[in-house]
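In full-length UniProt numbering, the protein residues as written are 1 to 292.
No residue lacks a Cβ here, since even glycine has one placed at the ideal position from N, Cα and C.
Because the structure is a prediction, the values reported are computed rather than measured.
Note sheet for the following structure.
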């Protein structure tokens with residue numbers, strides 16, 4: 001991916017065909033494959049590796065996982081890394097009533113000093129100092145830990161959402177579904193065409209069951225607000241589809257991803273565990289024949 005001008009201005013790093021420079025000074029660089037190998041070798045020196053990054057849920061961990069996946073080293077990373085911690089959530093609990101929880105601001109507030117915020121080495125040292133200052137026990141730290149698998153599943157969810165969301169545009173425009181709910185359905189791997197096929201085959205009950213599908217032995221809650229929201233969405237969608245107003249069906253294989261707690265919280269990028277439900281080929285063929 002080409003480096004943006006804004007990235008150059010913020011970090012002082014310039015990368016081009018002639019090499020890499022920081023603040024105008026040439027520095028030694030490495031290709032991504034070699035850097036990934038060195039990172040893995042470094043981590044293997046330790047037991048029970050837990051990676052910590054500030055705002056890592058939204059940025060560092062998705063970037064890290066994507067990079068290792070693109071270099072086909074994600075399996076090696078998963079073997080070495082036991083878990084991940086987003087220090088943003090941890091520091092919000094430890095350091096109450098701060099004006100800002102940006103790492104640079106938090107460091108300045110707690111230690112009354114600054115550091116090179118866009119220098120990777122200084123950034124890591126500052127984070128380490130903040131973690132030590134938090135004085136959390138290992139057990140307390142573990143309460144903020146989530147598995148690397150959750151990051152992988154969130155990337156899948158985001159990709160499915162981007163790919164499928166437009167199929168629900170008409171329902172959102174007609175206030176059948178909220179933008180948030182349409183995003184969640186799209187992120188689960190479903191398009192409106194899939195919902196139409198399920199409605200034609202199994203009726204409103206089938207559609208409702210799809211919204212409340214069991215995942216890893218747990219059902220989506222049917223009595224709390226989230227469960228009611230999914231139930232209302234299935235009822236409104238069934239009514240809309242029954243009126244014959246569904247947009248064109250989107251083809252392709254069907255893969256439904258559902259979070260372990262029955263939802264994927266796109267507001268705070270909640271990375272719950274996910275399980276996969278795939279419709280068999282013959283059911284897909286049945287769907288195709290029924291919607292022609």
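message: To the nearest angstrom, how far is the alpha carbon of residue 197 from that of residue 185?
response: For the purposes of this step, residue 197 is taken as the residue at position 197 of the chain shown. For the purposes of this step, residue 185 is taken as the residue at position 185 of the chain shown. Using only the alpha carbons, I get a separation of about 15 Å.
task: Tell me the start and end of each unbroken alpha helix (DSSP H) in the UniProt domain "Exonuclease" (35-130) that is at least 4 residues and wholly inside, in chain order.
output: 60-70, 74-80, 87-94, 103-111
task: Could you pull out every residue in the same chain whose Cβ sits closer than 8 Å to the Cβ of residue 67, ignoring the five residues on either side in sequence?
output: Along the chain shown, read from residue 1 onward, the residue named residue 67 stands at position 67. Cβ within range, chain order: 32, 36.
- prompt: Distance, Cα to Cα, residue 149 vs residue 156?
  reply: Mapped onto the chain shown, residue 149 falls at position 149. Mapped onto the chain shown, residue 156 falls at position 156. Roughly 11 Å separates the two Cα atoms.
Endpoints, alpha helix (DSSP H) assigned at residue 12: Within the chain shown, numbered from 1, the residue matching residue 12 stands at position 12. First-last for residue 12: undefined, no H or E at that position.
task: Within the same chain, show all residues whose beta-carbon is closer than 7 Å to that of residue 19, passing over the 5 residues directly before and after it, in chain order.
output: The residue you call residue 19 lines up with position 19 of the chain shown. Once the five neighbours on either side are set aside, the close Cβ partners of residue 19 are 26, 29.
- request: Leaving out five residues on either side along the sequence, give the residues of the same chain with a beta carbon under 7 Å from the beta carbon of residue 21.
  value: Position 21 of the chain shown, counting from 1, holds the residue named residue 21. Cβ neighbours of residue 21 beyond the five flanking positions: 14, 27.
- request: Report the residue from 126, 96, 121 whose alpha carbon sits nearest the alpha carbon of residue 113.
  value: Here residue 113 refers to the residue found at position 113 of the chain shown. If we check each option's Cα against that of residue 113, 126 comes out closest.
query: In whole angstroms, what is the alpha-carbon distance linking residue 346 and residue 199?
result: Outside the shown range of the chain, which is 1 to 292, sits residue 346, and nothing can be said about it.
field: Cβ separation of residue 84 and residue 56, assumed to be a contact under 8 Å, to the nearest whole Å
entry: For the purposes of this step, residue 84 is taken as the residue at position 84 of the chain shown. For the purposes of this step, residue 56 is taken as the residue at position 56 of the chain shown. Contact holds; Cβ gap of about 6 Å.
- prompt: In terms of residues, what are the limits of the alpha helix (DSSP H) holding residue 184?
  reply: Counted from its first residue, the chain shown places residue 184 at position 184. Counting along the chain, the alpha helix (DSSP H) containing residue 184 begins and ends at 179-187.
Limits of the beta strand (DSSP E) - the one that residue 19 falls within: Position 19 of the chain shown, counted from the first residue, corresponds to residue 19. It spans 19-22 - the beta strand (DSSP E) in which residue 19 sits, taken as one unbroken run.
Neighbourhood of residue 10 by C-beta, 7 Å cutoff - its chain only, sequence neighbours within 5 removed: Within the chain shown, the letter at position 10 stands for residue 10. Closer than 7 Å at the Cβ level, and outside the excluded window around residue 10, lie 118.
message: Let me check one thing: in DSSP terms, what residues is residue 149 bridge-paired to?
response: Locating residue 149 in the chain shown gives position 149, where the first residue counts as 1. For residue 149, which the question treats as bridged, DSSP gives no partner whatsoever.
Buried or exposed by the 16-neighbour rule on C-beta atoms within 10 Å, applied to residue 161: Position 161 of the chain shown, counting from 1, holds the residue named residue 161. The residue in question, residue 161, is buried, as its Cβ has 16 or more Cβ neighbours within 10 Å.
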